Structures are given as C-alpha cells and as structure tokens.
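Okay, so the sequence shown: first residue is 2 according to my numbering, each after it adds one. For glycine and all other residues, C-beta sits at the position ideal for the given N, C-alpha and C. Owing to the predicted nature of the structure, the values given are computational and were not obtained by experimental measurement. Below: the structure, in structure tokens.
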Amino acid sequence: MFGRSFMPGRHVTDQQTRLFMTLRKTQPVPVPVAAARAGLSQATGYRLQADPILPSHKKPRRGRRRPDPLSDIFDTEVLPLLKSSPGPRPVAIFEELLRRYPDLSADIRRTLERRIRAWRADTQHPHVHLTVRTIGQDGERLNLRKADLQHLRDTFAEKLRQRGIEAESTPRHARSKTRKGEATPVYKIRQRGRRPLADARKERQVQRELKDNAGQLAQKPWDDALVARRNRVITNLRQCRAGSGGL
C-alpha cells in the first residue's frame, strides 16, 4: 500500500533520481506515483521535477553558516541546571539564560530546546518516531485521523513485542508528561505581559463543568484508560530495567 519504504532525513541517491526521471519520461505517471515507486516523498518528487540534477553532480553543501549561539554557555550554564534535581523545564532554563545574559537573542529558544532533548535522550530505552507514508502507489492520499495514527503506533509496538522486542507506543500522558508544550504565539503573548485568550477559554470551560456537576469536575470516560495505560508502561519499564540490571 505504501510502495517502497523511505526514511525522512536520508539523502536522495542517484539511483532513486534516475528511476524517478525514467518513470516520468517513459511512462505518463503522476509525480506522486513516480516518487512512491522510487522510494521518495511527494515533496522530493516535485523538487526533482524542477531540478533533475543527480545528487552526485551537485555542489556539496556548506557547513554551519552561523556560529553556535550556545557554544560558550551550554556546558557552563545549561548543564548544571539540567543536572539539578528535579531538572527544570526548557522554557525555565531559557528564561534564566535571558536573565543572566540580557544581550542573548530570544531566537535561541528552539535551538536550546533541541539541544536539551538530545541531552536528555535515554540511550538505553530509545524513543522512536514512526513515520507512515500517507500516499499510496495510485497517488491517492490516505485519510488518516489522529486515532488512526495511534492505532498504527499500537500495532507496530505489538508486532515488535510478538518478535521478542520490548516496545511500547506511549503517548505523552502515558510517560507522565501530562503538560503539553506551549505554542510559540501564546508564549510571546505572555512575554509581553498580556493574557492569552486560551486562558479565559479554559476558565469558562471549568466554570461550566463545576456548575453542571454540583461543584465538581466531571469524570472523563478516558481518565481510567489513561491511568491504566500509564501503569502498564511503568510496569514494563521496571521489568526492562530489572532485566538489564538497572536501578
């Protein structure tokens, strides 16, 4: 259904480029179909259609064009904060850096968050992102919803467990990460000292629930399922650590 498999982030090869261009020239197939058969994404297919030069014939890309804004402060300032117990959230570290270094650009926030995620990565229990092609060989886009994607993750993890590989498709809440990262526009509004409209909307929702349920928040039908799933994930992690001799 998904054609040849491809991995986002990998470089396009000369063989893939030749196959794509051959399909486009010798057979009247659409770009999405030719890209799928060559193991490419649709966006890459359109890019090759506009620029059909073989990757080996292109000039090599330049390295980092801008100096690393965290090169002088990550080891000395950020790491001590990350190693504190409990470790602070990236946004708290970002605000602390701005307090210590007023001349530091606010544009480093995303770079800082990526660097912190990489530092906190658990190499013994890697976190894997599963990518699913959403275009079939016929060029039609699959109509996948959020529940469908979660089902694909669950099925993938289940098949791994059947093959003796400990795997769990854990959403954020199952890993006890119940607090979702704040959107950048909302964060900028708070920085300017204003109150986002989302806060007032949440307050109105809570007030309605309290009014409709005699002063108590309504029990959501999925709350018990979330707790059960989180407990199962924690149990699996304990078993994995016990089997590997970890604490």
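In this chain, the alpha helix (DSSP H) harbouring Q17 covers 15–27.
Per DSSP, I74 has no beta-bridge partner at all. Straight through space, the alpha carbons of P31 and G137 are spaced by roughly 12 Å.
Under the DSSP definition of a beta bridge, I136 partners with R142. Nearest Cα to R134 within the set L20, V34, P29, D15: V34. For R195, no alpha helix (DSSP H) run applies, since DSSP gives it neither H nor E.
Taking a contact as a CB-CB distance under 8 Å, the pair L49 and F21 counts as one, their CB atoms being some 6 Å apart. Taking 8 Å as the cut-off, the beta carbon of L99 is found closer than this to the beta carbon of L105. Its chain contains V79, L83, P91, I94 as the residues whose beta carbon lies nearer than 8 Å to that of I117, once the 5 sequence neighbours on both sides are disregarded; these appear in chain order. About 6 Å separates the beta carbon of A36 from that of T45, a gap short enough to meet the 8 Å contact definition.
The beta carbon of E210 is closer than 6 Å to those of L218, A219 in its chain, skipping five residues each way along the sequence. Rounded to whole angstroms, the gap between the alpha carbons of A199 and K212 is 20 Å. Around the CB of T18, 16 or more other CB atoms lie within 10 Å, so the residue is classed as buried. DSSP, reduced to helix, strand and coil, places I54 outside both helices and strands of the structure shown, so it counts as coil. Closest in alpha carbon position to I109, among R162, P68, R121, is P68. Around the C-beta of Q43, 16 or more other C-beta atoms lie within 10 Å, and the residue is accordingly described as buried. Look at R164 here: in three-state DSSP terms it is coil, with no helix or strand label. Here DSSP, grouped into helix, strand and coil, assigns N214 to coil. In the three-state reduction of the DSSP assignment, P186 falls in the helix class.
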